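As structure tokens, the structure follows; a few thoughts come after it.
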Amino acid sequence: MSETLDHVASSARTDAPPAILLDKVNKWYGALHVLRDVSLNVALGERVVVCGPSGSGKSTMIRCINRLETHQEGVIKVNGIELSDDVKALDDIRREVGMVFQSFNLFPHLTILENCTLAPIWVRRMPKKEAEALAMEYLTKVRIPEQAKKYPGQLSGGQQQRVAIARALCMKPKIMLFDEPTSALDPEMIKEVLDTMVSLAETGMTMICVTHEMGFARQVADRVVFMDRGEIVEMGTPTQVFETPQTERLKLFLSQIL
Ligand code: ADP
Ligand code: MG
């Protein structure tokens with residue numbers, strides 16, 4: 000499938016601004032300091048895996064990148080555009096950034112095809128026929144075109160998650176954010192979703208994936224980021240982070256998941 004997904008993402012370009020830039024980002028929920036001076040640059044075409052204990056701020060960081068949450072201090076830029084309350088800038092960013100969640104968040108009363116065509120038709124103003132052709136193209140790429148007329152409740156969890164990925168790709172994003180996309184799945188369905196993500200990574204898509212799937216991280220990640228208690232504690236290649244952890248916090252985390 001990798002060659003068929005080739006056109007969805009451009010390959011890395013050195014002259015481009017970082018796809019994602021976080022500079023000393025801080026966020027609080029009330030008195031709870033959940034992101035502490037988080038700084039991270041993700042180049043175009045780079046794949047970053049984020050791991051860390053539950054409650055360490057992984058989801059919050061990723062949700063701040065497409066402004067599902069707002070940060071209070073620091074700078075976040077997506078494709079060079081700074082996140083702010085400017086609605087136009089936010090629209091521009093949301094078009095570029097696709098997101099896949101732990102829960103698939105499909106609309107239960109819409110068919111698989113309708114789930115995929117909704118945003119292209121209403122947000123991108125794409126003609127219905129064109130949106131349907133595009134949706135079928137991506138459903139084929141995630142290997143479930145035969146499910147197009149069904150409703151989400153008729154599909155397995157792994158199939159629903161692949162629909163969620165196809166749906167995000169129908170908006171032709173330049174960046175994909177994944178927040179523990181396989182952690183709600185039964186073990187036998189994890190592989191089919193990871194395989195889809197590997198194929199997407201092979202196309203050169205810029206990706207940030209929160210996941211504890213170390214096999215996936217080793218296979219596709221250019222960098223692994225370890226977060227704990229709102230901080231980026233360590234960052235490096237998969238080999239550096241998994242084989243030669245520098246901090247007790249990371250050693251403890253690895254001993255618990257491996
Ligand atoms: P992770 O994804 O690493 O498990 P989260 O980003 O979900 O961590 O959460 C980081 C911290 O922020 C946790 O202590 C969590 O309880 C808290 N938190 C997350 N969302 C909210 C919210 N909407 N309101 C208040 N606290 C929250
Ligand atoms: Mg989370």
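So that you can map any letter, position 241 of the sequence shown is 240 in numbering that gives the first Met the number 0, and since no number is skipped, the others follow by simple counting. C-beta: ideal position from N, C-alpha, C; glycine also. These numbers were taken from a predicted model, which means no experiment stands behind them.
In the DSSP assignment, find the alpha helix (DSSP H) that holds residue i and state where it starts and stops.
i, result
"Arg-62", "57-64"
"Ser-198", "186-201"
"Asn-78", "Run containing Asn-78: none; DSSP gives neither H nor E here."
"Gly-157", "156-168"
Would you say residue i touches the ligand ADP, meaning its beta carbon is less than 7 Å from a heavy atom?
i, result
"Val-33", "yes"
"Ser-53", "yes"
"Cys-73", "A quick correction: the sequence has Gly, not Cys, at residue 73. The answer is no for Gly-73."
"Ser-58", "yes"
"Tyr-28", "yes"
Say the cut is 7 Å; is the CB of residue i nearer than that to a heavy atom of the ligand MG?
i, result
"Glu-68", "no"
"Val-209", "yes"
"Glu-81", "no"
"Glu-247", "no"
"Glu-212", "no"
Since I believe residue j is in contact with residue i (beta carbons under 8 Å), could you give me their beta-carbon distance rounded to a whole number of angstroms?
i, j, result
"Ala-165", "Leu-184", "With 8 Å as the limit, Ala-165 and Leu-184 do not qualify as a contact, their Cβ atoms being about 16 Å apart."
"Val-197", "Gly-157", "So it is not a contact: roughly 14 Å between Cβ atoms."
"Ile-207", "Leu-176", "5 Å"
"Val-24", "Glu-72", "7 Å"
"Gly-229", "Arg-35", "4 Å"
"Val-162", "Ile-189", "Rounded, the Cβ-Cβ distance is 16 Å, inconsistent with contact."
"Asp-178", "Ser-83", "Actually they do not touch by this definition, with Cβ atoms about 23 Å apart."
Within the 8 Å Cβ cut-off, does residue i reach chain E?
i, result
"His-70", "Reference to chain E is not applicable here, since this structure consists of a single protein chain."
Return the CA-CA distance between residue i and residue j, expressed in angstroms with no decimal places.
i, j, result
"Lys-128", "Asp-85", "33 Å"
"Ile-231", "Ser-55", "9 Å"
"Ala-147", "Gln-153", "11 Å"
"Ile-111", "Ala-200", "24 Å"
"Gly-29", "Met-234", "28 Å"
"Glu-2", "Arg-217", "Only weak support is given to the placement of Glu-2: the predicted model assigns it a pLDDT of 40, under 50, and the question is left unresolved by the model."
"Lys-149", "Val-141", "16 Å"
"Gly-51", "Val-240", "12 Å"
"Lys-26", "Arg-123", "32 Å"
"Trp-121", "Met-170", "11 Å"
"Arg-46", "Ala-167", "17 Å"
Terminal residues of the continuous beta strand (DSSP E) containing residue i?
i, result
"Cys-208", "205-209"
"Lys-23", "19-28"
"Gly-214", "Counting along the chain, Gly-214 falls outside any beta strand (DSSP E), though it belongs to the alpha helix (DSSP H) covering 213-219."
field: Three or more C-beta pairs below 8 Å linking the stretch 53-68 and the stretch 89-99
entry: With contact defined as three or more Cβ pairs closer than 8 Å, the stretch 53-68 and the stretch 89-99 are in contact.
- prompt: Would you call the stretch 166-182 and the stretch 204-213 in contact, with 3 or more CB pairs under 8 Å?
  reply: By the Cβ rule, the stretch 166-182 counts as touching the stretch 204-213, because three or more pairs are nearer than 8 Å.
query: Quick check: the stretch 39-56 against the stretch 93-111, are there 3 or more CB pairs under 8 Å?
result: In short, these stretches do not touch, since the Cβ pair count stays below three.
message: If contact is defined by three or more beta carbon pairs under 8 Å, each pair taking one atom from either stretch, is the stretch 99-107 in contact with the stretch 124-133?
response: Touching, no.
message: Contact between the stretch 68-82 and the stretch 249-257 is defined here as three or more beta-carbon pairs at a separation below 8 Å; is this criterion met?
response: Contact fails: fewer than three Cβ-Cβ distances are below 8 Å.
- prompt: If you pair each beta-carbon of the stretch 111-120 with each one of the stretch 217-226, do three or more pairs fall below 8 Å?
  reply: The answer is no - the stretch 217-226 does not touch the stretch 111-120, with fewer than three Cβ pairs under 8 Å.
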